[in-house]
């Protein structure tokens, strides 16, 4: 941990050195600042950032909650910000644990991912493998039930079959924690609710066939359960969080890559922030680009009514909503998915993001 602390300190110092050559109205006695040219000044001379060839391997999912990479790649924003010396390679994933496996193997440098896989990766690596560097999406998870299941109160979930996307994933933890808070538990936790980790596409089929009574699902699957399987919303997870905000997707980076290429990470963040701003200013065009990406990756686009409804339940944001991550970790420990409530004090590295946000006159985020 002492060695890791020195490495993390060196990373912060690199970003600070990069900032020294730039004018910044937000300088506040040690705050990190950032400039578009990535220049450092030493002894009166200006030295450009390294032009050494670098490959950045970026992961994401074909999902509406991973809008930034899909929109930014389609518009060329990532390639433009990364520059000629950076080769961007992208890979799509279906599940967060696969992302963490790729990062552990040194096969992936950064990825958009949900909170609980990021927590697991951080804990499994003793806090060394990954860092969260930005938020991406808040919201977009709901508990949908079949009308025929006659579920109108929390108590009605007793002896019912409720699906989640994957054992230990973000929605699975949220479901089990919510059951516990309402005097119920999954069978594995000594209760009588059958929680069935099931891929989202399979949830839809089981729901239509009456083989499950409900599902805690992310968008757009929650909307598809409503529109294609006749489900009704029992709970919007946003109602459980302060101001309705909770992290669904954030951007992580392999710690070693951050230490070796802080300038590339800064440029990646700049592309991310620019894309976030563009999406929020152009939601109609953004939905079109996301759906085109989903079609390219999965060979089937979402129905327009589905993506329109799902979009209303998410917020595209740079804020990682850190408080919700800490609560998710507490919940995972409470239900036995983690041995203890982990120390996540070093999981966030937000100084580079905040430098860009200050430069653009945008609100900073906190951990």
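Residue numbers (the numbering used here): 24 to 390.
Cβ atoms here follow ideal geometry from the backbone N, Cα and C, with glycine treated the same way.
These figures come from a predicted structure and were not determined experimentally.
DSSP state of residue 214 mapped onto helix, strand, coil:
By 1-based counting over the chain shown, the position of residue 214 is 191. Looking at residue 214 - three-state DSSP - the assignment turns out to be coil, as it is neither helix nor strand.
Between which two residues does the alpha helix (DSSP H) carrying residue 351 extend?
If you number the chain shown from 1, residue 351 lands on position 328. Counting along the chain, the alpha helix (DSSP H) containing residue 351 begins and ends at 345-357.
Inter-stretch contact (C-beta, 8 angstroms, three-pair minimum) for the segment 209-221 and the segment 129-148:
In this structure the segment 209-221 does not touch the segment 129-148; the number of beta carbon pairs closer than 8 angstroms is below three.
Between the CA atoms of residue 182 and residue 212 - distance to the nearest angstrom:
By 1-based counting over the chain shown, the position of residue 212 is 189. By 1-based counting over the chain shown, the position of residue 182 is 159. If I take the Cα positions, the gap works out to 14 angstroms.
Do the segment 180-199 and the segment 282-301 make contact, defined as three or more Cβ pairs closer than 8 angstroms?
no
Are at least three pairs of beta-carbons, each pair with one atom in the segment 106-123 and one in the segment 297-312, less than 8 angstroms apart?
no
Do the segment 248-255 and the segment 190-208 touch if we need at least three Cβ pairs shorter than 8 angstroms?
no
Indicate whether the contact test is met: 3 or more Cβ pairs, each with one atom in the segment 258-273 and one in the segment 163-175, closer than 8 angstroms.
yes
Buried or exposed for residue 344, please, with buried defined as at least 16 other CB atoms from any protein chain shown within 10 angstroms of its CB.
Locating residue 344 in the chain shown gives position 321, counting from the first residue. Buried, since its Cβ has 16 or more Cβ neighbours within 10 Å.
Helix, strand or coil at residue 228 according to DSSP, with G and I counted as helix:
Indexing the chain shown from 1 puts residue 228 at position 205. Note: residue 228 maps to helix in three-state DSSP.
At the level of alpha carbons, what is the spacing between residue 386 and residue 157?
Taking the chain shown and counting its residues from 1, the one referred to as residue 386 is at position 363. Taking the chain shown and counting its residues from 1, the one referred to as residue 157 is at position 134. In this structure, the CA atom of residue 386 is about 13 angstroms from the CA atom of residue 157.
Assuming residue 83 and residue 115 make a contact with CB atoms under 8 angstroms, what is their CB distance in whole Å?
For this step, residue 83 is matched to residue 60 along the chain shown. For this step, residue 115 is matched to residue 92 along the chain shown. Contact between residue 83 and residue 115 is confirmed by a C-beta separation of about 6 angstroms, below the 8 angstroms threshold.
What does the Cβ neighbour count give for residue 314, buried or exposed, with the cut at 16 atoms within 10 Å?
Stepping through the chain shown from its first residue, residue 314 is reached at position 291. Classification for residue 314: buried.
Short of 6 angstroms in beta carbon distance, which residues of its chain neighbour residue 100, apart from the five on each side in sequence? Order them along the chain.
Position 77 of the chain shown, counted from the first residue, corresponds to residue 100. Closer than 6 angstroms at Cβ, skipping near neighbours: 294, 297 and 298.
Could you spell out where the beta strand (DSSP E) holding residue 277 opens and where it closes?
Locating residue 277 in the chain shown gives position 254, where the first residue counts as 1. Where residue 277 is concerned, the enclosing beta strand (DSSP E) stretches over 270-277.
Closest by C-alpha distance to residue 273, when choosing among 226, 308, 215 and 153
On the chain shown, residue 273 is found 250 positions in, with the first residue counted as 1. Cα-wise, what sits closest to residue 273 is 153.
When 290, 322 and 87 are compared against residue 110, the one with the closest alpha-carbon
Locating residue 110 in the chain shown gives position 87, counting from the first residue. Of the candidates 290, 322 and 87, the one whose C-alpha sits nearest the C-alpha of residue 110 is 290.
Reduced DSSP secondary structure (H/G/I, E/B, other) of residue 223:
Translated into the one-based positions of the chain shown, residue 223 becomes position 200. Residue state, collapsed to three classes: helix.
Outcome for residue 368 when other beta-carbon atoms lying within 10 angstroms are tallied against a minimum of 16:
Position 345 of the chain shown holds residue 368. Exposed, since its Cβ has fewer than 16 Cβ neighbours within 10 Å.
Inter-residue Cα distance where the pair is residue 354 and residue 149
Numbered from 1 along the chain shown, position 331 holds the residue referred to as residue 354. Numbered from 1 along the chain shown, position 126 holds the residue referred to as residue 149. About 19 angstroms.
The beta strand (DSSP E) that contains residue 135, what's its start and end?
Here residue 135 corresponds to residue number 112 of the chain shown, with the count starting at 1. In the DSSP assignment, residue 135 falls within the beta strand (DSSP E) that extends over 133-136.
Find the nearest neighbour of residue 372 within the set 351, 309 and 288, judged by alpha-carbon distance.
Taking the chain shown and counting its residues from 1, the one referred to as residue 372 is at position 349. Considering only alpha carbons, the answer is 288.
Could you pull out every residue in the same chain whose Cβ sits closer than 6 angstroms to the Cβ of residue 330, ignoring the five residues on either side in sequence?
For this step, residue 330 is matched to residue 307 along the chain shown. Cβ neighbours of residue 330 beyond the five flanking positions: 310 and 314.
Just to confirm the assignment, what range does the alpha helix (DSSP H) spanning residue 330 have?
In the chain shown, residue 330 corresponds to position 307, counting from 1. Counting along the chain, the alpha helix (DSSP H) containing residue 330 begins and ends at 327-334.
Let me check one thing: in DSSP terms, what residues is residue 112 bridge-paired to?
Working through the chain shown from its first residue, we reach residue 112 at position 89. Answer is 80, bridged to residue 112.
How big is the Cα-Cα spacing for residue 394 and residue 194?
Here the chain has residues from 24 to 390 only, and residue 394 is not among them.
So, does the segment 354-364 touch the segment 124-135, judging by three or more C-beta pairs under 8 angstroms?
no
Among 190, 227 and 339, whose alpha-carbon lies nearest the alpha-carbon of residue 271?
Within the chain shown, residue 271 is the residue found at index 248, counting from 1. Closest by alpha carbon: 339.
Applying the criterion that 16 or more other CB atoms from any shown protein chain within 10 Å of the CB defines a buried residue, is residue 192 buried or exposed?
Position 169 of the chain shown, counting from 1, holds the residue named residue 192. Result: buried.
Collapsed DSSP secondary structure at residue 320 in the structure displayed:
On the chain shown, residue 320 is found 297 positions in, with the first residue counted as 1. In this structure, residue 320 counts as helix in the three-state DSSP scheme.
What is the DSSP secondary structure of residue 255, reduced to helix, strand or coil?
On the chain shown, position 232 is the one that residue 255 refers to. Strand at residue 255.
Figure out for me which residue from 188, 350, 267 and 75 has the closest Cα to the Cα of residue 229.
Here residue 229 refers to the residue found at position 206 when the chain shown is read from its first residue. Out of 188, 350, 267 and 75, 188 has the C-alpha closest to the C-alpha of residue 229.
Which residues in the same chain as residue 75 place their Cβ atom closer than 7 angstroms to its Cβ, once the five residues preceding and following it in sequence are excluded?
As a first step, residue 75 must be located in the chain shown, where it is residue number 52. 108, listed in sequence order.
In terms of residues, what are the limits of the alpha helix (DSSP H) holding residue 304?
On the chain shown, position 281 is the one that residue 304 refers to. Judged by DSSP secondary structure, residue 304 falls within the alpha helix (DSSP H) whose first and last residues are 285-304.
Through-space distance from residue 319 to residue 96, alpha-carbon basis:
Sequence index remark: in the chain shown, residue 96 carries index 73 (1-based). Sequence index remark: in the chain shown, residue 319 carries index 296 (1-based). The alpha-carbon atoms of residue 96 and residue 319 are separated by roughly 13 angstroms.
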